[in-house]
Amino acid sequence: MLTPEEYNHIIQNRTALADRIKDAKELGTHHRDLARSFKDDLDKLQLEMELYTNFLKDAIKEYEDAHPPAP
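Following the working numbering from start to finish, the sequence shown increments by one per residue and tops out at 83.
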């Protein structure tokens, strides 16, 4: 049989553990949301880089077509 002190100690530890689990879940959710946000930003940046690269390729081709090398 548990003494009242032992019982209270177990209840306090259980409550503290439940609080730590809740905090860990909230932190995990926060990190997941950050990761999704970073992925969205990275995808947007990658698309912008592809568009800029294609723009530069087209500009170089137009320049080369307008200014062929001298024979």
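Even for Gly, the Cβ is constructed at its ideal location relative to N, Cα and C. Keep in mind that this is a model prediction, so the values were computed, not measured.
Separation of Ser49 from Asp84, as counted between CA atoms: This structure gives no information on residue 84, because the portion of the chain shown stretches from 13 to 83.
Helix, strand or coil for Ala82, going by three-state DSSP, please let me know. Looking at Ala82 - three-state DSSP - the assignment turns out to be coil, as it is neither helix nor strand.
Let me know the secondary structure DSSP gives Leu14 once reduced to three states. Residue state, collapsed to three classes: coil.
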